[in-house]
Each structure stands twice: as C-alpha cells, then as structure tokens.
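J.: Take a look at the following structure, please.
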Amino acid sequence: MSIVQDPIRKIELFPIFVPFKAHVRDMLQGGSGKVAMGLKVEDHWLGADFLLCRMTTENGVVGVGDIYVWLVEGAVTPVLMASLIKDHLARYVLGRSAFDIGLINDKFDNNVARNEMAKGVLDLALYDVAARTINRPVYDLCGGKQLDRIPMSMVLPLTSVDIILDVVQRGLDVGLRSFRCKLGDGLRRDVEIIKAVRELIGPNAALRVDYNQAYNPNEALACIEAIAPYGIDFAEQPVKGDDFVGMAWVQSRTNVPLMAHESGFGLRDIVTLADMGAVRTFGINPERPGGMTNALKAIDYAAARGLDVVLHNQPSGLGSAIQLQMHAARASKIRHASELQGHVMMEHDLLKERIVYEDGYANLPTGPGWGVEVDFDMVDKYQIQPTVVVEA
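Just so you know, we're using this note's numbering here: the sequence shown kicks off at 146 and counts up by one.
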C-alpha cells in the first residue's frame, strides 16, 4: 500500500472545557456585560470549550485538530458537533486517505448544509495526518512557509481605563506593538478608552477595535467616526453578525475599514460581504470557514479582491499552532499582526511543550504536522463528556 493510500480507520472526538486563569476570570467578571466586551449575555465567561479530533490510519499514523467553540457566536456546542460528526460526517472520512481532502470536503458540502465548524475540525485533523504521513509540517502542504516568526497583537478587555492601561503596559513590556480594544459601552466611553490607549502606546503602534455587535448602524457610524482621529486600523463587527445590509451602510459612510468576524462563518458569507462592499477586512480563524482548506481559500479570495485579512482566535495550544502555520503559509497576503489569546487566558494549553512567544512574536512550530504534540493527560483532565469513537 502506498503511504498516500493509507485509509483513515478511526475518529475520536473529545469535548473539552478549559477554565480561564483566576486573574482572567476576575478581570472578565469585573468588566462590561459579564464578559468584558460589548456582547449582551446573561452568563459569565469562565473558560473555553473545545472539540478535539484525533484520527488514526490503518498504518497507525495519528493526526489531530481542534476548534474553539462558543455558543454565543457559533450556535453550537462540542457535544452537538460530536454527535453530528458521528451520525453524518464521519462516513465521508472513514476508509479514505487524508490526501483525498478535496473529495472529502466536497462530500461534506454536498450532503450536510453549513456546519462549517464540525466540518472544519475534521479537515484540520486530515491535514495533520497527511503532513505526518510524509514527515513534513503542514505549511509544506500549503505552499511552504514565508515566515519563521509571526507578529502578535494583544486583545484588551472592556473594563476600567486603569485596568486596560495596566494590560497595555504589560504588553508593551514584552515587545507587543499591536493592540485591539474591546469597545461598545457608548460613544463617550469608547473615546475615553481609545484616547488613553493611544496616548500610552504612541503614534506608531497599531490599534484596532472590536465592538462585538454592540451597536445599531446609526450608533456604529457615530462611534467609529468619533474614534477615527486616533488612528484605527479597522473596526471589527460594529453591528449584528447577520446584519449584512447594516454593515454595508456603515462601511459606505466611513473611511475606517470594517472587519467581519461574527458575520463570516462560511465562504459564501465572505463572498457576499465583499460583493456588498460591507467590509474591507475579514477576520479568519481555521475552523469557521470549514478548516484549513476553506480558510486558505478565504485568504486567497480576500487578497484577489484587494481586501485585508486578520487571523485571530482564543485557541488551545494546538489551535494556536494551526493558526501560526496558516499565517506562515500566507504571510504575503496578511499585513496585520495575528491574535492568539488562548495561552494568555487559559490555565493550560493542552500541549506537552508550549509555543514560544517573545519580543512581540510567536515562533513557528516546525515539526511534522502542526509541529506540536497534544498532552492527552491534560485532555483527560479537562474532558467534560465521554469520547465519541467512530470506526470503519
């Protein structure tokens, strides 16, 4: 049997919840809206849900992928996705080679509507299997690496100005020169925060904002124009994620680029937003468009349309490695720093050896597959439901 014909024989799905570090929980609970951002939710944000997928081939090659899941934005839970994969998606993977990834994705889309994240976690594990089969990093399956170190940006919670500035200073002290402010408490508060942050970071550091769907279009336009003089790279999701018309209305009236995040779950969403002139920047993470396959398509499409891309997420250590590999393979098409907050927020990254962050950059993992090894003892510690196993 050729190594590229080695079929997938087993899929294991691990629903996981990793609590945030104590000081992170305290900061979030003391911030705006119980989650220190513009979202109007009822429950405090205490940790991160993940679905981890492990695939094993007939010859014993093992690959992994995982996705960060938040019901508030994604409308699914790890358990729901595991059930969908077991009952409806796994059949299109089992018995096929990881190198059949294009065919597998076509079968996903032809037989199951939407559900980009459930498809995405399988796609990511397939990439790891394929790369480990040939003992190469995933980026070598995606055109090769263009960077060894990925520039990072820091996310700032929506809380008191004093706390925000303390977080900013800690970022500056470790070499960060790009910051994203959570906003959405009204025009005056937005201006107060941005003015203070800009004064601290100086005129040359990059500054972006995220409204987390806090405003209606009229409010969004007024708030964006009020902070525009402080030098804003882009404004993320000022209106509801499903309000494409509202996004287009705001973008047509401001020179500050808008970024879609909650609006852009699939490739068709991205095409529609671009065609409407609703955004000038897309927020991409590995799982939302449907895994590495569709995320790379989204980046390439945005570049062809002259639009910017930002890679950002709150992933586990594995998810961080995935995003870094993606950035490295498409660096020439990504001019903004990436955001990776999982290692900052969570009490464990689920890796045997942590990714190195230094001087405002993340070092690209270079081993086979995603370049990192999952610590399954930690997976067992944080697993919240029994493993779902599907075999050929």
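Note that CB positions come from ideal geometry on N, CA and C, so glycine has one too.
In the DSSP assignment, find the beta strand (DSSP E) that holds Met326 and state where it starts and stops.
T.: By 1-based counting over the sequence shown, the position of residue 326 is 181. The sequence given here has Cys at residue 326, not Met. Element bounds for Cys326: Ser323 to Lys327.
J.: Any idea what DSSP makes of Pro362, helix, strand or coil?
T.: The count along the sequence shown starts at 1 and reaches residue 362 at position 217. In this structure, Pro362 counts as helix in the three-state DSSP scheme.
J.: State the Cα-Cα distance for the pair His481 and Ile279, rounded to the nearest angstrom.
T.: Taking the first residue of the sequence shown as 1, we reach residue 481 at position 336. Taking the first residue of the sequence shown as 1, we reach residue 279 at position 134. Their Cα atoms are separated by approximately 32 Å.
J.: Please state the DSSP three-state secondary structure of Leu216.
T.: Within the sequence shown, residue 216 is the residue found at index 71, counting from 1. In this structure, Leu216 counts as helix in the three-state DSSP scheme.
J.: Look at the Cβ atom of Val111, then the Cβ atom of Met404, and state whether they are nearer than 8 Å.
T.: Coverage of the chain is limited to positions 146 through 537, which leaves residue 111 absent and any answer about it impossible.
J.: Give me the Cβ distance between Val221 and Met262, rounded to the nearest whole Å; I'm assuming they're in contact under 8 Å.
T.: One-based indexing of the sequence shown puts residue 221 at position 76. One-based indexing of the sequence shown puts residue 262 at position 117. So it is a contact: roughly 6 Å between Cβ atoms.
J.: How is Ser483 classed by DSSP in three states: helix, strand or coil?
T.: In the sequence shown, counting from the first residue as 1, residue 483 sits at position 338. Ser483 falls in the strand class under three-state DSSP.
J.: For the structure I just gave you, are there three or more beta carbon pairs, one from the region 209-216 and one from the region 237-245, closer than 8 Å?
T.: Output reads no: the region 237-245 does not touch the region 209-216.
J.: Within its chain, find whatever has a CB closer than 6 Å to the CB of Ala554; leave out the 5 residues flanking it on each side and keep chain order.
T.: Shown here, the chain extends from 146 to 537; a query on residue 554 therefore has no answer.
J.: Mapping the DSSP letters down to three states, classify Ser228 as helix, strand or coil.
T.: Within the sequence shown, residue 228 is the residue found at index 83, counting from 1. Of the three classes helix, strand and coil, the one that applies to Ser228 here is helix, per DSSP.
J.: In whole angstroms, give me the CA-to-CA distance for Val524 and Asp251.
T.: Working through the sequence shown from its first residue, we reach residue 524 at position 379. Working through the sequence shown from its first residue, we reach residue 251 at position 106. Going from the Cα of Val524 to the Cα of Asp251 covers about 31 Å.
J.: Output the boundary residues of the beta strand (DSSP E) element that contains Arg294.
T.: Here residue 294 corresponds to residue number 149 of the sequence shown, with the count starting at 1. It spans Arg294 to Leu301 - the beta strand (DSSP E) in which Arg294 sits, taken as one unbroken run.
J.: List the residues that DSSP assigns as beta-bridge partners of Asp211.
T.: Position 66 of the sequence shown holds residue 211. Partner(s): Leu197.
J.: Rounded to the nearest angstrom, what separates Gly512 and Glu370 at their Cα positions?
T.: Residue numbering aside, residue 512 sits at position 367 when the sequence shown is read from its first letter. Residue numbering aside, residue 370 sits at position 225 when the sequence shown is read from its first letter. Rounded to the nearest angstrom, the two C-alpha atoms are 46 Å apart.
J.: Give a yes or no on contact between the region 428-437 and the region 448-464, applying the rule of three or more CB pairs nearer than 8 Å.
T.: Output reads yes: the region 448-464 touches the region 428-437.
J.: So, for Arg199: in the same chain, excluding its five sequence neighbours on each side, which residues have a beta-carbon less than 6 Å away from its beta-carbon?
T.: Position 54 of the sequence shown, counted from the start, is the residue given in the question as residue 199. Result list for Arg199: Glu157 and Val209, in chain order.
J.: For a quick check, are the C-beta atoms of Lys290 and Leu509 less than 8 Å apart?
T.: Taking the first residue of the sequence shown as 1, we reach residue 290 at position 145. Taking the first residue of the sequence shown as 1, we reach residue 509 at position 364. Going by C-beta atoms, Lys290 is nearer than 8 Å to Leu509.
J.: Please classify Ala270 as buried or exposed, where buried requires at least 16 other C-beta atoms within 10 Å of its C-beta.
T.: Sequence index remark: in the sequence shown, residue 270 carries index 125 (1-based). Buried, because 16 or more other Cβ atoms sit within 10 Å of the Cβ of Ala270.
J.: Under 6 Å Cβ to Cβ from Lys385, same chain only, skipping five residues before and after it: list those, please.
T.: In the sequence shown, the residue the question calls residue 385 occupies position 240. Here the set comprises Gln358.
J.: With C-beta atoms as the reference, is Ala181 less than 8 Å away from Leu173?
T.: Start at 1 with the first residue of the sequence shown, and residue 181 comes out as number 36. Start at 1 with the first residue of the sequence shown, and residue 173 comes out as number 28. Cβ atoms of Ala181 and Leu173: closer than 8 Å.
J.: Here's the rule I'm using: 16 or more other beta-carbon atoms within 10 Å means buried, otherwise exposed. How should Val274 be labelled?
T.: On the sequence shown, residue 274 is found 129 positions in, with the first residue counted as 1. It is buried - the Cβ of Val274 has at least 16 other Cβ atoms within 10 Å.
J.: Are the region 159-172 and the region 522-537 in contact at 8 Å, needing three or more beta carbon pairs?
T.: The answer is yes - the region 522-537 touches the region 159-172, with three or more Cβ pairs under 8 Å.
J.: Taking the alpha carbon of Val107 as the reference point, which residue from Arg413, Pro296, Thr426 and Met437 has its own alpha carbon closest?
T.: Residue 107 is absent from the structure shown; the chain starts at 146 and stops at 537.
J.: Buried or exposed: His189, going by 16 or more other Cβ atoms within 10 Å of its Cβ?
T.: Within the sequence shown, the letter at position 44 stands for residue 189. His189 is exposed by the Cβ-count criterion.
J.: Measuring straight from C-alpha to C-alpha, what distance separates Arg450 and Asn204?
T.: Numbered from its first residue, the sequence shown carries residue 450 at position 305. Numbered from its first residue, the sequence shown carries residue 204 at position 59. About 43 Å.
J.: Select from Asp453, Ala448, Thr417 and Gly464 the residue whose C-alpha is nearest the C-alpha of Met437.
T.: By 1-based counting over the sequence shown, the position of residue 437 is 292. Among Asp453, Ala448, Thr417 and Gly464, the Cα nearest to that of Met437 is on Gly464.
J.: Applying the 10 Å Cβ sphere with the 16-neighbour rule, what's the burial state of His406?
T.: Here residue 406 refers to the residue found at position 261 of the sequence shown. His406 is buried by the Cβ-count criterion.
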